[in-house]
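Everything on this sheet refers to the single structure shown next.
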Amino acid sequence: MNAITHLAPEWHNWIRENLARGCAPQSLIEDMVRNRFDPVFARAAVNGVMTSNGPVAAPLEVQPKAASGYVYETPRLHAGNLIRTSDREVRVVMRVNRPLIAVLDGVLSEDECDELIRRSADKMRRSTTVDPISGKHEVIADRSSEGTFFALNADPFIARLDRRISEVMNWPVDHGEGLQILHYGIGGEYKPHFDYFPPEEPGSHVQMTIGGQRISTMVMYLNEVEAGGTTIFPEIGLEVVPKKGSAVYFEYTNSQNQLDRLTLHGGSPVTRGEKWIVTKWMRQRRYGEVTAAPAASAATG
Ligand code: PD2
Ligand code: ZN
Numbered sequence: 002m003n004a005i006t007h008l009a010p011e012w013h014n015w016i017r018e019n020l021a022r023g024c025a026p027q028s029l030i031e032d033m034v035r036n037r038f039d040p041v042f043a044r045a046a047v048n049g050v051m052t053s054n055g056p057v058a059a060p061l062e063v064q065p066k067a068a069s070g071y072v073y074e075t076p077r078l079h080a081g082n083l084i085r086t087s088d089r090e091v092r093v094v095m096r097v098n099r100p101l102i103a104v105l106d107g108v109l110s111e112d113e114c115d116e117l118i119r120r121s122a123d124k125m126r127r128s129t130t131v132d133p134i135s136g137k138h139e140v141i142a143d144r145s146s147e148g149t150f151f152a153l154n155a156d157p158f159i160a161r162l163d164r165r166i167s168e169v170m171n172w173p174v175d176h177g178e179g180l181q182i183l184h185y186g187i188g189g190e191y192k193p194h195f196d197y198f199p200p201e202e203p204g205s206h207v208q209m210t211i212g213g214q215r216i217s218t219m220v221m222y223l224n225e226v227e228a229g230g231t232t233i234f235p236e237i238g239l240e241v242v243p244k245k246g247s248a249v250y251f252e253y254t255n256s257q258n259q260l261d262r263l264t265l266h267g268g269s270p271v272t273r274g275e276k277w278i279v280t281k282w283m284r285q286r287r288y289g290e291v292t293a294a295p296a297a298s299a300a301t302g
């Protein structure tokens with residue numbers, strides 16, 4: 002029997018009313034799963050109602066506050082040392098709790114890394130960044146790399162990766178942007194930046210009209226880099242060394258729309274060899290065109 006991945010209006014009201022009564026979001030998610038909802042969908046649905054209604058609910062557990070005021074909620078990333086997806090087991094190598102960062106091993110197989118590079122090699126273009134004023138994509142010096150995209154579920158190979166990545170990131174596949182491939186040669190770097198769209202920059206509003214704010218990122222490494230090319234988090238002094246098939250995951254937007262400035266990050270210059278990565282960014286809501294009808298209608302409750 003298919004798990005439910007569609008929110009009927011009565012379920013939407015049920016979530017809203019129970020949040021307003023002060024029920025813990027986690028208990029609502031568990032109730033929904035008992036009523037045959039897909040667990041990833043149930044969490045997204047509860048988070049979605051919390052986000053759209055503002056902070057009506059009791060926070061998700063005891064809420065440590067950063068100096069910036071950012072409230073750390075229960076991570077979307079699963080707890081534990083092993084994350085089981087539909088087709089692969091992913092090992093958690095390291096976690097940081099504030100900001101929420103995890104290094105993950107075995108997200109992609111060696112063959113999948115090679116295949117992504119092979120499919121990208123002849124369609125790479127100089128990378129762009131979102132212009133803070135216009136919201137348009139512009140080539141800028143802060144990002145000396147070339148890149149290309151694969152639309153969500155572009156073909157069975159990409160769809161399988163999109164699905165696994167959404168399971169690791171514990172967020173619905175249709176809330177994700179298409180996979181982005183980046184290649185850096187010697188000297189190539191990505192200066193420190195935020196992956197979320199800073200609200201104070203006018204261009205951010207254009208970017209957020211579809212899907213809302215970005216909430217989490219997973220950067221996956223497709224090759225070993227001889228020297229340099231680490232992913233750096235300067236606010237906390239963390240440096241992640243690329244390893245083929247592994248990834249760094251981080252979260253930066255909570256259910257109250259707060260943004261975690263400690264997730265400032267960049268790619269340090271490659272000093273020997275080259276660097277290939279693939280990045281997935283997740284949005285608050287569904288991103289892009291609707292591609293499939295709901296799999297099942299929700300039960301009432
Ligand atoms: O190449 C990286 O390590 C890197 C650094 C910062 C990638 C990204 N950001 C990104 O794709 O957002
Ligand atoms: Zn980034």
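Per this note's numbering, residue 2 is the first one in the sequence shown, and the count goes up by one each step.
Just so you know, even glycine gets a beta-carbon here, dropped at the ideal spot from N, CA and C.
If you follow the alpha helix (DSSP H) that residue i is in, where does it begin and where does it stop?
i: His206; result: 204–208
i: Asp106; result: Taken as a continuous stretch (DSSP letters only), Asp106 belongs to no alpha helix (DSSP H), being part of the beta strand (DSSP E) at 102–106.
i: Arg262; result: Looking at the DSSP string, Arg262 is not in any alpha helix (DSSP H), and its letter there is neither H nor E.
Grouping DSSP H, G and I as helix and E and B as strand, with all else coil, what is residue i?
i: Thr226; result: Here the sequence assigns Val to residue 226, which means Thr is not the residue at that position. Note: Val226 maps to coil in three-state DSSP.
i: Thr280; result: strand
i: Ile166; result: helix
i: Glu190; result: coil
i: Arg161; result: helix
i: Glu236; result: coil
i: Gly179; result: coil
i: Glu31; result: helix
i: His266; result: strand
i: Gln285; result: coil
i: Glu18; result: helix
i: Arg85; result: strand
i: Asn48; result: helix
i: Leu61; result: Caution applies to Leu61, whose pLDDT of 46 falls short of 50 and renders its modelled position unreliable; the model cannot decide the point.
i: His79; result: coil
i: Asn154; result: coil
i: Trp12; result: helix
Using DSSP's beta-bridge definition, name the partner residues of residue i.
i: Glu147; result: Arg127, His184
i: Ser69; result: DSSP lists no partner for Ser69.
i: Gly213; result: In DSSP, Gly213 forms no bridge with anything.
i: Arg273; result: Ala228
i: Phe38; result: Ile5
i: Val220; result: Val249, Thr280
Ends of the beta strand (DSSP E) at residue i?
i: Glu252; result: 248–252
i: Phe195; result: First-last for Phe195: undefined, no H or E at that position.
i: Glu240; result: 239–241
i: Leu117; result: That residue, Leu117, is in no beta strand (DSSP E); its alpha helix (DSSP H) goes 111–121.
i: Ile5; result: Where Ile5 is concerned, there is no enclosing beta strand (DSSP E), given that its DSSP letter is neither H nor E.
i: Glu90; result: 90–97
Got a sec: does the ligand ATP put a non-hydrogen atom nearer than 7 Å to the Cβ of residue i?
i: Tyr191; result: With respect to the ligand ATP, the structure shown offers nothing to examine, as its ligands consist of the ligand PD2 and the ligand ZN.
Is there a C-beta anywhere in chain B that falls below 8 Å from the one on residue i?
i: Glu113; result: The question asks about chain B, but that chain is absent: this structure has only one protein chain.
Is it a yes or a no for the stretch 165–177 touching the stretch 195–210, going by three-plus beta-carbon pairs under 8 Å?
Verdict: no, contact absent.
Counting pairs of beta carbons, one from the stretch 269–280 and one from the stretch 213–225, are three or more of them closer than 8 Å?
Yes: at least three Cβ pairs fall under 8 Å.
Does the stretch 232–246 come into contact with the stretch 201–209, if we say contact requires no fewer than three beta-carbon pairs (one atom in each stretch) closer than 8 Å?
Contact between the stretch 232–246 and the stretch 201–209 is absent: fewer than 3 CB-CB pairs across the two stretches fall below 8 Å.
Using 8 Å as the cut-off, can you tell me whether the stretch 150–166 makes contact with the stretch 178–191, which would need three or more C-beta pairs spanning the two stretches below that distance?
Yes, the stretch 150–166 is in contact with the stretch 178–191.
Does the structure place the stretch 106–114 close enough to the stretch 67–78 that three or more beta carbon pairs sit under 8 Å?
Contact fails between the stretch 67–78 and the stretch 106–114, because fewer than three Cβ pairs, one in each stretch, are under 8 Å apart.
Looking at C-beta atoms only, is the number of pairs between the stretch 238–258 and the stretch 82–89 that lie closer than 8 Å three or more?
Because the criterion of three Cβ pairs below 8 Å is not met, the stretch 238–258 and the stretch 82–89 do not touch.
Would you call the stretch 114–126 and the stretch 259–272 in contact, with 3 or more CB pairs under 8 Å?
Verdict: no, contact absent.
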